[in-house]
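Quick notes on the structure that follows.
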Amino acid sequence: VARGFTQKYQVDYEETFAPVARISSFRFILSLAIQYNLKVHQMDVKTAFLNGTLKEEIYMRIPQGISCNSNNVCKLNKAIYGLK
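Here full-length UniProt numbering is used: the first residue of the sequence shown is 1, the next is one more, and so on.
Shown next as structure tokens:
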């Protein structure tokens, strides 16, 4: 876990958001389901963007349990759980 709670707004990150469908898209799909008597299901993928590409360089402390010099840090190549 990246401990994103330690990151400061406008210092470590600029914005956070959760991409969602537009309400007009939802209404369109719902109208099709009603018209064709289809079942509608909902789901949420909590880790959908877990392995996203990073636009900026991010470094973090070595996680506990990994034997390494305590002065070293890791450079992240991919987004991990807990980043903002």
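Beta carbons: idealized from backbone N, C-alpha and C, even for Gly.
Cβ-based burial, residue i [other Cβ within 10 Å; buried from 16]
i: residue 83; result: buried
Residue i versus the options, residue with shortest Cα-Cα distance
i: residue 64; options: 72, 57, 31; result: 72
i: residue 60; options: 46, 77, 32; result: 77
i: residue 42; options: 29, 58, 15; result: 29
i: residue 19; options: 45, 69, 70, 68; result: 45
Residue i in three-state terms, based on DSSP
i: residue 22; result: coil
Bridge partner(s) assigned by DSSP for residue i
i: residue 60; result: 74
Beta carbon of residue i nearer than 9 Å to that of residue j
i: residue 39; j: residue 57; result: no
i: residue 53; j: residue 79; result: yes
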